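Following: one structure in structure tokens, then a few remarks.
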Amino acid sequence: MPILLDQIVIQTINGIVTGMILALVASGLTLIFGIMDVVNFAHGELFMLGAYVGVTTIVATGSFWLALLVATVVIALLGAIIQVTTLRPLLGRDPLTTILATFGLSLVLQNYALWQFGPVARKIQEPFTGHFSLFYLDYPWYRLVIAGLSAAIIGALWLFLKFGTYGIWIRATTQDRVMASAMGIPVPWVHTAVFAIGAGMAAASGVLFGPLVGVNHAMGLDWVLKAFIVVVVGGMGNLGGSIAAAIFVSLLEAYASLWVSPAQAVIVSFVALILTLLFRPTGLFVPTPK
Amino acid sequence: MSRRAPVAFWTSFGVVLALLIVAPLVLPEFWRRFVTEILIWGLLAMSSDILIGYTGMISFGHSAFFGLGMYGAAAALLSVRPPNLWLALLYGLVAAAAVAVFVAYFSTRLRDIYFSITTLVFSQIFYVIIFTWTTVTGGENGLTFSRPALRIPGVFSIPFDSNTLHWFVLAVVAVSYLVLRRITQSPFGMVLQSIRENEPRTRAVGYAVERYKIVAVMLSGVFAGLAGVLYALQNRFAAPDFVFFVVSGEVVIFNVMGGVGTLVGPIVGAAFFLLLREGFSRFFTEFYLIPVGIIFTAMVIFMPQGLLGFMRRRLNQ
Numbered sequence: 001m002p003i004l005l006d007q008i009v010i011q012t013i014n015g016i017v018t019g020m021i022l023a024l025v026a027s028g029l030t031l032i033f034g035i036m037d038v039v040n041f042a043h044g045e046l047f048m049l050g051a052y053v054g055v056t057t058i059v060a061t062g063s064f065w066l067a068l069l070v071a072t073v074v075i076a077l078l079g080a081i082i083q084v085t086t087l088r089p090l091l092g093r094d095p096l097t098t099i100l101a102t103f104g105l106s107l108v109l110q111n112y113a114l115w116q117f118g119p120v121a122r123k124i125q126e127p128f129t130g131h132f133s134l135f136y137l138d139y140p141w142y143r144l145v146i147a148g149l150s151a152a153i154i155g156a157l158w159l160f161l162k163f164g165t166y167g168i169w170i171r172a173t174t175q176d177r178v179m180a181s182a183m184g185i186p187v188p189w190v191h192t193a194v195f196a197i198g199a200g201m202a203a204a205s206g207v208l209f210g211p212l213v214g215v216n217h218a219m220g221l222d223w224v225l226k227a228f229i230v231v232v233v234g235g236m237g238n239l240g241g242s243i244a245a246a247i248f249v250s251l252l253e254a255y256a257s258l259w260v261s262p263a264q265a266v267i268v269s270f271v272a273l274i275l276t277l278l279f280r281p282t283g284l285f286v287p288t289p290k
Numbered sequence: 291m292s293r294r295a296p297v298a299f300w301t302s303f304g305v306v307l308a309l310l311i312v313a314p315l316v317l318p319e320f321w322r323r324f325v326t327e328i329l330i331w332g333l334l335a336m337s338s339d340i341l342i343g344y345t346g347m348i349s350f351g352h353s354a355f356f357g358l359g360m361y362g363a364a365a366a367l368l369s370v371r372p373p374n375l376w377l378a379l380l381y382g383l384v385a386a387a388a389v390a391v392f393v394a395y396f397s398t399r400l401r402d403i404y405f406s407i408t409t410l411v412f413s414q415i416f417y418v419i420i421f422t423w424t425t426v427t428g429g430e431n432g433l434t435f436s437r438p439a440l441r442i443p444g445v446f447s448i449p450f451d452s453n454t455l456h457w458f459v460l461a462v463v464a465v466s467y468l469v470l471r472r473i474t475q476s477p478f479g480m481v482l483q484s485i486r487e488n489e490p491r492t493r494a495v496g497y498a499v500e501r502y503k504i505v506a507v508m509l510s511g512v513f514a515g516l517a518g519v520l521y522a523l524q525n526r527f528a529a530p531d532f533v534f535f536v537v538s539g540e541v542v543i544f545n546v547m548g549g550v551g552t553l554v555g556p557i558v559g560a561a562f563f564l565l566l567r568e569g570f571s572r573f574f575t576e577f578y579l580i581p582v583g584i585i586f587t588a589m590v591i592f593m594p595q596g597l598l599g600f601m602r603r604r605l606n607q
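As you go down the protein sequences, you meet chains B and L in turn.
The first sequence lines up with residues 1 to 290 when you count with this note's numbering.
The second sequence lines up with residues 291 to 607 when you count with this note's numbering.
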């Protein structure tokens, strides 16, 4: 089958849309890693639970935008609780123990969702159903709106980190935990806040992504893997790098799925990860360290 | 002390071995199967202890070696008539070793979290290949086959029933344990432990750290493949579910629960996990992972040494 120009254009748009959602998930993950060396294995589960909270709120109130807000707040609170109860005691231990603890948590959360919501996938209704024509397709506006919203949330995060007082505290803690603490910054609470922000962002992306595929208890697994890949390819703890890597990896997968099935297209991003680790272990989108 | 420790060790080893030999004769069918299963998962967990406990590298990709051992055995049992046990072992080990060489070469260049993520990603690659290559691997349905007979040409040939299978598994696991124990106490094992304690210093002393790590991953992979072959023999099928990274996660859980760096600990951890699963399934049905996950997380925080951690020094003498 010859690959036509219009297919390439469509896949480029698809790749950018998925890339923006992935960037939203991954920026939470990379923020958490950058500030406290925690590899959050439960991040996909927070994404999934966010989507479920969204579904429940939509059923109760009928409003998609309210659901987005409620899910973000609820999961951010859950994230804060998780950080205080499980991750705070691990502070100062080998960072690898945080992988184990969050892995345990992800099992609990995933099975909790299965128990609470059952194995049948739920559908989130799109907030609006307009289409525009793109070659032979009716392309839903909603997808472009998701990409825009994701970009807006990430932009807001960036502004907050750059100019907000608490944002400056967060950056200070990332640079030097001990020094920040000496300057009077409440470092343990900064950690909690960062985890809550990351969790809230995961939840928001879960709600935004819900209308595209439906919500089920296992959706977190795929996303946490992808987000790991993105975070490593972009350079651990590097926000800009993660965003670039999210779009890069999603575009690669979108183009690859022109030739192979989407299940196999995943391998392309795996290979991208391995090549990155071999040749630029600090990340593709950061300057080579001297 | 150093003179008496081996005596104590061999006595307790003998007692446990004797108990496990007698076990199938006294236990009802369900628990007989259960003990065999613990031994197989224990072997898999023990193989990954070489990396986690002795070299300080947490592998999240052991399902790849385990699964390839399974599919290797399946290939031998399905393609060669009559099915031959030793050929199944050979195929399984070669398949696992081939994957292990590949994974080891790339993943050992990385440290800590990056090593974990790379092994995880590799196991997912093999999962996707096995899952989508339906014509060869049976895809989602996996492969089913019949059990070969336990046969040494010219000596004897008996069909496997659940007792002989148990003893065969027990023999393989016991020998593997002794071999792995010997390896961890050898100069090679000492180098691995010094990599765990201080990698830059080990390199500075003049050891080729990368080469030692590659060998460690391969060794670990081969024993994991052996566990895969045994599992295939016991259950008479190979399925992509066993290559999925959740299995790797369970292996890490076994290690942490039982106590890393002890070799016996992971087997105890596997037993503990499977017992918890059995016990909680009665109340929580398929949601047993909720309480088990909570217990595991609590153990990571409050009991990082695991169940057998307090015996670590003694078990390594």
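Where is the CB? At the ideal position from N, CA and C, for every residue including glycine.
Since we're looking at a predicted model, the values are computed, not measured.
Select from the options the residue whose C-alpha is nearest the C-alpha of residue i.
i               : options                        : result
I10 of chain B  : B:L284, B:V266, B:E253         : B:E253
Q355 of chain L : L:T409, L:L309, L:L440         : The residue you asked about is not Gln; residue 355 of chain L is Phe in the sequence shown. Residue L:T409 is the option with its Cα nearest to F355 of chain L.
L134 of chain B : B:I82, B:F128, B:L251, B:I13   : B:I13
L144 of chain B : B:L212, B:T85, B:N216          : B:L212
H43 of chain B  : B:F64, B:G79, B:T18            : B:G79
A528 of chain L : L:V554, L:E319, L:R437         : L:R437
S261 of chain B : L:I415, L:P318, L:T422, L:N374 : L:T422
Y578 of chain L : L:R567, L:T587, L:I585         : L:R567
L239 of chain B : B:W115, B:G118, B:I124, B:I35  : B:I35
I75 of chain B  : B:G200, B:W158, B:F209         : B:G200
Buried or exposed for residue i, going by 16 or more other Cβ atoms inside 10 Å?
i               : result
F247 of chain L : Any answer about residue 247 of chain L is impossible in this case: the structure gives chain L only from 291 up to 607.
D176 of chain B : exposed
V120 of chain B : exposed
N111 of chain B : buried
M291 of chain L : For M291 of chain L, the predicted structure reports a pLDDT of 43, less than 50, and the residue's modelled location is therefore unreliable. A value from the coordinates is still provided. By the 10 Å Cβ count, M291 of chain L comes out exposed.
Y136 of chain B : exposed
T98 of chain B  : buried
I485 of chain L : buried
K226 of chain B : buried
What residues match up with residue i in a beta bridge as DSSP calls it?
i               : result
V215 of chain B : B:R122
I442 of chain L : L:F446
T434 of chain L : L:F527
S133 of chain B : B:D138
Rounded to whole angstroms, what is the Cα-Cα separation between residue i and residue j?
i               : j               : result
D6 of chain B   : I21 of chain B  : 23 Å
Y502 of chain L : G559 of chain L : 27 Å
Y361 of chain L : A180 of chain B : 53 Å
V55 of chain B  : L597 of chain L : 41 Å
D451 of chain L : V463 of chain L : 18 Å
Q483 of chain L : M547 of chain L : 21 Å
A363 of chain L : F458 of chain L : 16 Å
G428 of chain L : S413 of chain L : 18 Å
G19 of chain B  : F535 of chain L : 24 Å
V325 of chain L : G539 of chain L : 21 Å
P140 of chain B : P127 of chain B : 11 Å
K290 of chain B : E489 of chain L : Legend: pLDDT at K290 of chain B = 44, less than 50; position of this residue unreliable, no value from coordinates given.
V465 of chain L : S510 of chain L : 15 Å
A152 of chain B : S257 of chain B : 28 Å
G15 of chain B  : V384 of chain L : 39 Å
W291 of chain B : G304 of chain L : Within the shown structure, residues of chain B are numbered from 1 to 290, placing residue 291 of chain B beyond reach of any answer.
V306 of chain L : W321 of chain L : 17 Å
V178 of chain B : A172 of chain B : 10 Å
A439 of chain L : G432 of chain L : 22 Å
I81 of chain B  : L523 of chain L : 45 Å
R401 of chain L : L277 of chain B : 11 Å
Starting from residue i, trace the alpha helix (DSSP H) both ways and give me its first and last residue.
i               : result
F33 of chain B  : 5–36
P477 of chain L : 477–487
F128 of chain B : Counting along the chain, F128 of chain B falls outside any alpha helix (DSSP H), and DSSP gives it neither H nor E.
S538 of chain L : 535–548
A387 of chain L : 375–397
P262 of chain B : 262–279
S406 of chain L : 402–422
G596 of chain L : Run containing G596 of chain L: none; DSSP gives neither H nor E here.
V73 of chain B  : 64–82
R567 of chain L : 554–574
M179 of chain B : 177–182
Just curious, the beta strand (DSSP E) that residue i is in, first and last residue?
i               : result
Y139 of chain B : 137–140
F586 of chain L : From DSSP, F586 of chain L is part of no beta strand (DSSP E) but of the alpha helix (DSSP H) over 579–592.
I340 of chain L : Unbroken run through I340 of chain L: none, as it is neither H nor E.
Let me check you understand the geometry: is the CB of residue i closer than 7 Å to at least one non-hydrogen atom of the ligand COA?
i              : result
G44 of chain B : By its list of ligands, the structure shown contains no ligand whatsoever, and the ligand COA lies outside what it can speak to.
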